């Protein structure tokens with residue numbers, strides 16, 4: 003073989019070898035998220051150095067490190083999921099949390115984990131910011147929606163909502179004064195929505211079965227419902243949002259198909275009034291009643307599926323489940339009524355039943371979905387609330 007050709011082969015081999023090493027650079031990370039497999043390469047040498055205790059210097063150094071390191075494989079994997087599944091913002095944030103945990107576990111270095119969440123959400127186009135006070139590192143995101151029970155901060159005319167307050171449980175904001183740490187990525191401009199109108203297609207392995215039963219008209223009724231364990235995780239830190247967002251979070255696919263068709267079959271031929279009475283008794287007596295203050299230590303609104311999952315629930319949770327069942331089975335117009343310390347539902351029937359409420363020229367009948375001292379029929383209100391003021395916090399009109 004001529005000398006020039008031999009050198010050419012040698013150089014080609016070296017280049018191919020280098021490309022192979024480059025293509026395999028980093029450890030392979032694979033994890034399951036809501037039924038999908040997420041894969042990316044990440045070299046541990048690119049893991050930012052984030053010394054304790056928290057300091058402005060550590061934050062700024064971390065910012066310089068991520069700007070110059072190669073995180074393309076991670077951001078590409080996130081964008082691929084986004085383009086394929088079109089997740090709403092809350093679900094996408096759960097994926098970012100899971101990804102940050104994969105590369106930098108929370109228990110190893112909480113500040114670094116939080117910083118990675120900020121970085122990945124910023125790279126994904128969301129307007130986010132970090133606030134510091136001593137050892138506290140709070141992570142905020144720009145949102146135009148009304149969010150309750152967690153800290154918000156105004157920056158100009160923009161509202162930023164704290165995404166990691168639950169990790170600290172309680173912070174004295176009078177004693178601890180927080181400052182915005184000036185980090186910026188040009189793509190971080192978008193706002194974040196807490197609305198969840200669809201859930202992923204979970205795998206069968208994510209479901210468990212639960213037996214529900216209750217007595218009605220001297221008969222015992224039982225159901226075996228499929229419930230998704232991932233739903234509990236997705237909404238574990240979901241904040242208190244407006245009722246129109248909260249009440250329209252759907253059941254997951256298998257939960258819906260294990261419950262709604264069974265209810266429709268059981269209610270066939272009983273009429274709308276009889277069916278609504280049946281659903282009222284289901285939400286009243288298939289679960290134990292317990293106020294949020296005793297279960298969670300504060301207000302916590304459960305979705306319909308979480309209510310089915312939970313052993314204990316309060317009036318808001320049962321109202322959410324009742325609303326979901328009526329919507330799925332009858333799709334009637336409804337009002338969510340907020341009384342002092344109580345939430346209930348009013349339904350528009352073809353003809354009003356019992357005491358009715360006038361709203362925008364239409365009559366709605368109260369249908370109490372929570373257990374009371376006495377069984378209330380359609381159109382009856384809790385006696386203590388008969389003269390109490392109420393607010394219509396959500397009016398549902400079917401399309």
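Residue numbers (the numbering used here): 3 to 401. Even glycine gets a Cβ: it sits at the ideal position worked out from N, Cα and C. Since this is a predicted model, take the numbers as computed values, not measurements.
Less than 7 Å separates the beta-carbon of residue 347 from that of residue 324. Sequence-distant Cβ neighbours of residue 357 in its own chain, meaning closer than 6 Å and more than five residues away, are 381. For residue 344, the enclosing beta strand (DSSP E) begins and ends at 344–349.
Inter-residue distance for residue 336 and residue 317 is about 16 Å (C-alpha atoms, whole angstroms). For residue 225, the three-state secondary structure derived from DSSP is strand.
Comparing C-alpha distances from residue 37 to each of 369, 106, 202 and 276 shows the shortest one belongs to 202.
Excluding its 5 nearest sequence neighbours in each direction, residue 64 has C-beta neighbours in its own chain below 8 Å: 50, 51, 52, 114 and 117, listed in chain order. For residue 219, there is no enclosing beta strand (DSSP E), as DSSP gives it neither H nor E. The distance from the Cβ of residue 75 to that of residue 35 is about 16 Å, inconsistent with a contact at the 8 Å cut-off.
DSSP places residue 137 outside any beta strand (DSSP E), giving it a letter other than H or E. Pairing residue 253 with residue 306 gives a Cβ-Cβ distance under 7 Å. The three-state secondary structure of residue 259, taken from DSSP, is helix. Approximately 5 Å separates the beta-carbon atoms of residue 125 and residue 77; this is inside 8 Å, confirming the contact.
Under the three-state reduction of DSSP output, residue 369 falls in the strand class. Partner residues in the beta bridge of residue 29, as assigned by DSSP, are 44. Residue pairing by DSSP places residue 164 opposite 142 in a beta bridge. Per the DSSP secondary-structure output, residue 155 pairs in a beta bridge with 162. A residue is called buried once 16 or more other Cβ atoms fall within 10 Å of its Cβ, and residue 175, having fewer, is exposed. Here residue 59 is exposed. Its C-beta has fewer than 16 other C-beta atoms within 10 Å. Going by DSSP, residue 190 is part of no alpha helix (DSSP H) at all; its letter is neither H nor E.
With contacts defined by Cβ atoms closer than 7 Å, residue 155 and residue 167 do not form a contacting pair. Looking only at 162, 344, 378 and 365, the smallest Cα-Cα distance to residue 391 is reached by 344. Remark: C-beta atoms of residue 349 and residue 396 do not approach each other more closely than 7 Å. Its chain contains 131, 142, 143, 144, 154 and 155 as the residues whose beta carbon lies nearer than 7 Å to that of residue 162, once the 5 sequence neighbours on both sides are disregarded; these appear in chain order. Here residue 176 carries a coil assignment [DSSP, helix/strand/coil].
When C-beta atoms of the segment 273–292 are compared with those of the segment 233–249, fewer than three pairs fall below 8 Å, so the two segments do not count as touching. With a cutoff of 7 Å on beta-carbon distance, residue 104 and residue 33 are scored as near each other.
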